[in-house]
Amino acid sequence: MLDFTKAEELLKKNGQEHVLRFFDSLEEEEQRNLLRQIDNLDFEMLEAIHRKGSSTRGEISPLGAVEIPEIEERKEEFVEEGLNAIREGKVGAILLAGGMGTRLGFEQPKGTFDIGKTRHLYIFECLINNLLEVCDVAGCYIPLYIMTSEKNHEATYEFFEEHNYFGYPAEDVHFFMQDMAPAVDYNGKLLLEEKGRLATSPNGNGGWFISLHKSGLLDDIHARGVEWLNIFAVDNVLQKIADPAFIGATILSGKESGSKVVRKASPQERVGVMCQEDGKPSIVEYYEMTDEMVTQRDADGELLYRFGVILNYLFRVDCLEEIMLNHMNVHVVEKKIPYVNEEGEKVKPEEPNGYKFETLILDMIHMLKSNLVYEVVREKEFAPIKNLHGVDSVDSARELLETNGVEL
Ligand code: UTP
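As structure tokens, then:
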């Protein structure tokens with residue numbers, strides 16, 4: 000690990016020596032922890048703020064999907080192929096639960112939120128129930144890997160233990176932690192959240208495979224003979240996990256990955272859309288779309304960019320290993336970041352005051368050679384919980400769960 004002199008040298012080289020401002024007043028352990036944080040810093044990532052706003056995207060054009068009528072027609076074939084893969088132990092599931100869920104305003108990990116009305120029904124429980132439905136049909140369990148961050152790892156793990164994994168076998172559930180990324184002010188200066196601690200936040204959901212690898216769990220995946228990983232978000236309580244039809248369709252297509260998509264509810268809906276970028280499948284985030292892309296329609300009056308992603312992807316493990324060390328696009332996001340000011344006082348800003356850095360899983364689609372875009376019925380598979388009320392909220396998800404026969 001770095002000693003003080005080396006850390007100071009490194010920080011000076013990068014114009015960040017102010018983070019040692021309170022060093023002399025820290026306890027020994029705090030000093031060690033700060034030096035460890037500095038040692039782990041990725042200064043190159045911070046450079047991304049200079050590229051903020053400048054698009055590095057290639058030539059974008061629309062991309063079609065395998066649509067619902069075709070899927071219905073070939074359902075049996077797809078399901079049989081998918082179930083075979085599951086029964087042969089070739090499929091694993093990855094739950095992305097490392098996010099901070101700030102929009103929900105709930106202090107605990109998002110998955111521990113109770114969406115029940117007359118009974119307890121936690122988000123994690125809902126997801127496990129969805130996975131168990133497939134296990135019942137397949138007659139076997141599917142290994143589940145849960146990504147957390149240092150901010151919510153303990154609480155998440157303890158919650159599963161306390162609730163006996165909601166009936167899932169504990170030996171088929173593994174946890175791993177993602178990395179953290181530093182936060183900076185608008186001038187690119189690192190912020191301290193304590194006198195002896197850099198302000199950090201989880202580094203986005205794009206680093207999940209590297210984190211899985213670093214945790215040693217990739218060995219478990221190899222040992223079990225898992226060839227496909229279904230990645231899904233914590234917040235969509237209606238989603239199908241390890242959906243045999245989706246798995247079967249992707250395998251039969253011969254593609255390296257698959258993405259579940261829904262038809263956008265309105266041109267302005269805040270979801271990333273599927274497209275082609277320089278002739279390869281890709282995803283454009285809603286905030287990166289030009290007005291023209293948002294509203295353009297084809298001859299049938301349908302939106303040209305009509306398929307929104309719902310953060311449910313299938314990836315071939317060997318293909319992920321090939322791209323694992325490739326550079327990922329760093330997204331710079333404005334945020335309210337609590338910090339310690341020059342006088343050593345804690346400040347909790349009301350307005351955004353800086354940037355955090357993250358890589359996104361959706362960028363992986365373009366890094367792979369091919370992707371099956373697979374349409375699902377949104378009313379049956381898409382109920383994201385981002386906010387407490389309004390769009391994509393606890394309220395809207397409850398309504399959708401009830402429509403789908405889930406008792407609350
Ligand atoms: P969101 O984009 O909704 O981010 O995550 P978030 O941090 O959870 O929520 P807000 O924006 O603060 O309200 C989509 C999915 O990606 C996971 C989340 O847990 C969720 O399942 N995620 C996000 C991670 O696993 N790690 C991250 O660093 C960010």
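The letter at position 405 of the sequence shown is residue 404 when you use numbering that gives the first Met the number 0, and the numbering goes up by one with no holes. All C-beta atoms in this analysis are idealised placements derived from N, C-alpha and C, irrespective of residue type, glycine included.
For Ala64, which of helix, strand or coil comes out of DSSP?
Three-state result, Ala64: coil.
Taking only heavy atoms of the ligand UTP into account, decide whether any of them is closer than 6 Å to the Cβ of Gly98.
Under cutoff, so the answer is yes.
Tell me, which residues are paired with Leu313 by DSSP?
Answer is Asn229, Gly257, bridged to Leu313.
Test item: CB-CB of Ile67 and Glu374 under 7 Å
Yes, the Cβ-Cβ distance between Ile67 and Glu374 is below 7 Å.
For the ligand UTP, any of its heavy atoms closer than 6 Å to the Cβ of Leu9?
No, the ligand UTP has no heavy atom inside 6 Å of this Cβ.
Can you check which of these residues, Asp394, Leu387, Leu407, Val405, is closest to Arg102 by C-alpha distance?
Nearest C-alpha to Arg102 among Asp394, Leu387, Leu407, Val405: Leu387.
Determine whether the beta carbon atoms of Ser210 and Phe175 lie at a separation below 7 Å.
Yes, the Cβ-Cβ distance between Ser210 and Phe175 is below 7 Å.
Taking 7 Å as the cut-off, decide whether the C-beta atoms of Tyr164 and Leu216 are in contact.
No, the Cβ-Cβ distance between Tyr164 and Leu216 is not below 7 Å.
Start and end residues, beta strand (DSSP E) containing Tyr144
Tyr144 -> beta strand (DSSP E) spans 143 to 147.
Ends of the beta strand (DSSP E) at Gln275?
From DSSP, the beta strand (DSSP E) with Gln275 extends over 272 to 276.
Could you have a look at His212 and say whether DSSP puts it in helix, strand or coil?
Correct three-state label for His212: helix.
Own chain residues within Cβ distance below 8 Å of Ile37, not counting five before or after
The beta carbon of Ile37 lies closer than 8 Å to those of Leu1, Ala6, Leu9, Leu10, Val18, Leu197 in the same chain, with the five residues before and after it left out.
Could you pull out every residue in the same chain whose Cβ sits closer than 6 Å to the Cβ of Lys385, ignoring the five residues on either side in sequence?
Counting only residues of its own chain and dropping the five nearest sequence neighbours on each side, Lys385 has a CB closer than 6 Å to the CB of Arg102, Asp391.
Cβ distance (whole Å) where Ile246 is taken to contact Val393 below 8 Å
Not quite, the Cβ-Cβ distance comes to about 30 Å (not below 8 Å), so this is no contact.
I want to check one thing, is the minimum distance from the CB of Pro201 to the heavy atoms of the ligand UTP below 6 Å?
Correct: Pro201 has its Cβ closer than 6 Å to the ligand UTP.
Could you give the distance in angstroms between the alpha-carbon of Ile220 and the alpha-carbon of Thr55?
Going from the Cα of Ile220 to the Cα of Thr55 covers about 34 Å.
Could you confirm whether any beta carbon from chain B is found closer than 7 Å to the beta carbon of Glu406?
No chain B appears in the structure shown, which is made up of a single protein chain.
State yes or no: is the C-beta of Ala244 within less than 7 Å of the C-beta of Phe77?
Less than 7 Å divides the Cβ of Ala244 from the Cβ of Phe77.
Could you tell me if the beta carbon of Val393 falls within a distance shorter than 6 Å of some heavy atom in the ligand UTP?
No, the ligand UTP has no heavy atom inside 6 Å of this Cβ.
Suppose only complete runs of 3+ residues qualify. What are the beta strand (DSSP E) ranges in the stretch 88 to 168, listed by chain order?
Annotation note: the stretch 88 to 168 contains the following uninterrupted beta strand (DSSP E) runs of length 3 or greater, listed N- to C-terminal: 90 to 95, 143 to 147.
Pull up the distance between the alpha-carbon of Gly57 and that of Leu302, whole angstroms please.
Inter-residue distance for Gly57 and Leu302 is about 21 Å (C-alpha atoms, whole angstroms).
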